[in-house]
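A.B. asks: Under my numbering, think of the first position of the sequence shown as 724, with each following residue one higher.
Ideal Cβ placement from N, Cα and C applies to all residues, glycine included.
Quick one: the structure is below, questions incoming.
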Amino acid sequence: MLYGKNLIDGAWVGSEVTLASADLDGQVFAQASPEQIDVACRAARRDFRAYSALPRATRAAFLRECADQIDALGDEITRTAMAETGLPEARLVGERGRTTGQLKMFADLLESTEYLDIRKDAALPDRAPLPRPDLRLIHKAIGPVAVFGASNFPLAFSTAGGDTASALAAGCPVIVKGHGAHAGTAELVGQAIAKAMEACGMPQATFQMIQGASNETGSALVTHPEISAVGFTGSLAGGRALFDLCQARPVPIPFYGELGSINPMFCLPEAMVARAAEIGGGWAGSLTMGAGQFCTNPGIAVMVKGAEADAFEAAAVAGLQGTAEQVMLTDGIKAAYEAGVKTWSELAPELAGCPAPKGARAAMPAVFKVSAKDWMATRALQHEVFGAAGILVLCEDTAEMEALAEGLEGQLTATLQMDAGDTALGQTLLPILEEKAGRILANGFPTGVEVAPAMMHGGPYPASTDVRGTSVGTLAITRWLRPVSYQNVPEALLPADLRD
Ligand code: NAP
């Protein structure tokens, strides 16, 4: 059952300003007031010390309880998310599993001290000319963290998603701003975490959740003096605005925004000779998965023009024409997609003549073709169009392919389709792509981000606002930690994990 309220300092509270959800039969959601945001941030700061000081095993048990409570609400969460987002049941069931899996992964991470990167430099009292002190370093929780739920992952990147799981694991209280596109799903998951807090006896402001459908809510949250860091997944415009607010604060704070990326795919000549049609079909499948609403969607396929490129094009077009229309997440995202496709259609010929969508909020894929020279000269073709829109970029030769790679903005991913005969070109491209992308793939497609210790989901701006951070995988916890050194501090005062 939905309360339609905000979870603030352990209580579900309403407010004077409400919004009704058309997707949930008019269910009303209270929008957090500035005063309530202030109360939430102060409560998070109050409980920070107690929560961060809990033994690692206690926090791990809490994360596992969160996962169990989410599983217990399972079908209700899926039904609500289907109504709000239009995403299919199988996708949402899978995303729930990924969400609970992430919580358990961070619980497992807390079993060892490895993530704390502990360093100990023993004292050298007899060192000349000066003795060396006893120095010990450990990573401590950074403070209360604000998390913005993402529209395109109502579970895995939202209320109990990777940002929340990693921040709670680090020892940081979390305040989630639910995304207006799935307020009900956000609240249900919030209810599950509230139950877990109660079951585990956590400080009551360990996790809080506010709703808000105006920029004021997010702005008030990130500028509040008691917030120490922010996790965000969303648009370049929104993320940049919030990043700028964080940097302009009297005390600037880290803002980890995962923004936009076109995820270029380079199809090298030998691979194209061997399997151009297979790659083209695979690209169409990756591009249209989930109506293309993935940050890792491969937006451009780059290849040398010729017979192989023609075979790629034919297979990609065949794949697209077999795609049924899909529902987009929000009216706003559909409108942005259509505007982006319109802009591209004025600059490059469209390949797949897909029929117009019939359903409300539905969209069809769109693929365009352009020369590398024109693509490099046209800024509007280089921006992400969020949805199933892609561009086939034709180079004169491999030198032009390298030039295109050199000119790329920061990316979440870059893909090489290559065979053994492409190794020399791959060796030339790799150092360029390493500077441009957080993850480099060979002979695969970037959609489908594995949740694992070696995953990097971030990249140079504008893919993210901090090139050092990942929002997926165990390394995500480092965003919410800060190093502290202890010099000659007596054993009795040291954090438990730093003692001999
Ligand atoms: P969004 O507009 O960036 O919103 C994300 C969150 O940030 C929402 O909670 C929003 O709340 C808040 N927000 C946005 N601008 C703000 C501002 N200036 N000040 C304060 N808060 C702000 O993203 P979206 O609604 O998810 O989708 C819109 C577009 O984002 C899509 O069309 C797509 O281009 C992009 N997107 C990208 C990814 C990705 O993974 N790269 C994922 C999802 C969406 P309020 O609206 O309540 O202010």
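1. Measure the C-alpha to C-alpha separation of residue 1022 and residue 1110 and round it to an integer number of angstroms.
2. Starting from residue 735, follow the beta strand (DSSP E) in both directions and report where the run begins and ends.
3. Determine the DSSP secondary structure at residue 1187, reduced to helix, strand or coil.
4. Can you tell me which of the three DSSP states residue 1108 falls into?
5. Checking the sheet assignment: what are the DSSP bridge partners for residue 743?
6. Measuring alpha carbon to alpha carbon, tell me which residue in 952, 838 and 932 is nearest residue 731.
7. With 16 other CB atoms within 10 Å as the buried threshold, where does residue 995 fall?
8. How long is the line joining the alpha carbons of residue 894 and residue 967, rounded to whole angstroms?
9. Any chance the stretch 974-988 sits against the stretch 1089-1108, with 3 or more Cβ pairs inside 8 Å?
10. If you run the structure through DSSP and keep just helix, strand and coil, what is residue 724?
11. With a floor of 4 residues, list each alpha helix (DSSP H) that falls wholly inside the stretch 1149-1199, ordered by position along the chain.
12. What first and last residue would you give for the beta strand (DSSP E) that runs through residue 859?
13. Hey, would you say the C-beta of residue 1061 is under 8 Å away from at least one heavy atom of ligand 1?
14. With residue 933 as the anchor, note down where its beta strand (DSSP E) starts and where it stops.
15. Short of 8 Å in beta carbon distance, which residues of its chain neighbour residue 833, apart from the five on each side in sequence? Order them along the chain.
16. In chain order, which continuous runs of the beta strand (DSSP E) of length 3 or greater are located wholly inside the stretch 1040-1109?
17. Please classify residue 836: does DSSP put it in a helix, a strand, or coil?
18. Counting Cβ pairs, one atom from each stretch, are 3 or more of them under 8 Å apart for the stretch 1143-1156 and the stretch 1045-1063?
19. Hey, is residue 941 close to ligand 1, as in C-beta under 8 Å from one of its heavy atoms?
20. Is residue 1134 close to ligand 1? I mean its beta-carbon at under 8 Å from any heavy atom of the ligand.
21. Please confirm whether any heavy atom of ligand 1 lies closer than 8 Å to the CB of residue 738.
22. Return the CA-CA distance between residue 920 and residue 930, expressed in angstroms with no decimal places.
23. Taking the alpha-carbon positions, what's the residue 1173 to residue 1185 distance?
C.D. replies: Once the coordinates are examined:
1. By 1-based counting over the sequence shown, the position of residue 1022 is 299. By 1-based counting over the sequence shown, the position of residue 1110 is 387. One C-alpha to the other measures close to 9 Å.
2. Mapped onto the sequence shown, residue 735 falls at position 12. Residues 734-736.
3. Here residue 1187 refers to the residue found at position 464 when the sequence shown is read from its first residue. Of the three classes helix, strand and coil, the one that applies to residue 1187 here is strand, per DSSP.
4. Your numbering for residue 1108 matches position 385 in the sequence shown. The answer is coil: DSSP assigns residue 1108 none of H, G, I, E or B.
5. Counted from its first residue, the sequence shown places residue 743 at position 20. In the DSSP output, where bridge partners are listed per residue, residue 743 has 751.
6. Taking the first residue of the sequence shown as 1, we reach residue 731 at position 8. Closest by alpha carbon: 932.
7. Your numbering for residue 995 matches position 272 in the sequence shown. With 16 or more other Cβ atoms from the protein chains shown falling within 10 Å of its own Cβ, residue 995 counts as buried.
8. As a working note, residue 894 is residue 171 in the sequence shown. As a working note, residue 967 is residue 244 in the sequence shown. Spanning the two alpha carbons is a distance of roughly 26 Å.
9. yes
10. One-based indexing of the sequence shown puts residue 724 at position 1. It is coil, neither helix nor strand.
11. Positions of the alpha helix (DSSP H) runs, each at least 4 residues long and wholly inside the stretch 1149-1199, cannot be given because no such run exists.
12. For this step, residue 859 is matched to residue 136 along the sequence shown. From DSSP, the beta strand (DSSP E) with residue 859 extends over 858-864.
13. On the sequence shown, position 338 is the one that residue 1061 refers to. No - ligand 1 has no heavy atom lying nearer than 8 Å to the Cβ of residue 1061.
14. Here residue 933 is taken as the residue at index 210 of the sequence shown, counted from 1. First-last of the beta strand (DSSP E) with residue 933: 930-933.
15. Residue numbering aside, residue 833 sits at position 110 when the sequence shown is read from its first letter. Apart from sequence neighbours up to five positions away, the residues of its chain that approach residue 833 with a beta-carbon distance below 8 Å are 779, 780, 782, 783, 786 and 892, ordered along the chain.
16. 1089-1094
17. Along the sequence shown, read from residue 1 onward, the residue named residue 836 stands at position 113. Residue 836: coil per DSSP, three-state reduction.
18. no
19. The sequence position of residue 941 within the sequence shown is 218, counting from 1. Checking the Cβ of residue 941 against ligand 1 gives yes.
20. One-based indexing of the sequence shown puts residue 1134 at position 411. Not a single heavy atom of ligand 1 lies less than 8 Å from the C-beta of residue 1134.
21. As a working note, residue 738 is residue 15 in the sequence shown. No, Cβ of residue 738 sits at least 8 Å from all heavy atoms of ligand 1.
22. Along the sequence shown, read from residue 1 onward, the residue named residue 920 stands at position 197. Along the sequence shown, read from residue 1 onward, the residue named residue 930 stands at position 207. Cα to Cα, residue 920 sits roughly 8 Å from residue 930.
23. Walking along the sequence shown from the start, residue 1173 turns up at place 450. Walking along the sequence shown from the start, residue 1185 turns up at place 462. Roughly 22 Å between the two C-alpha positions.
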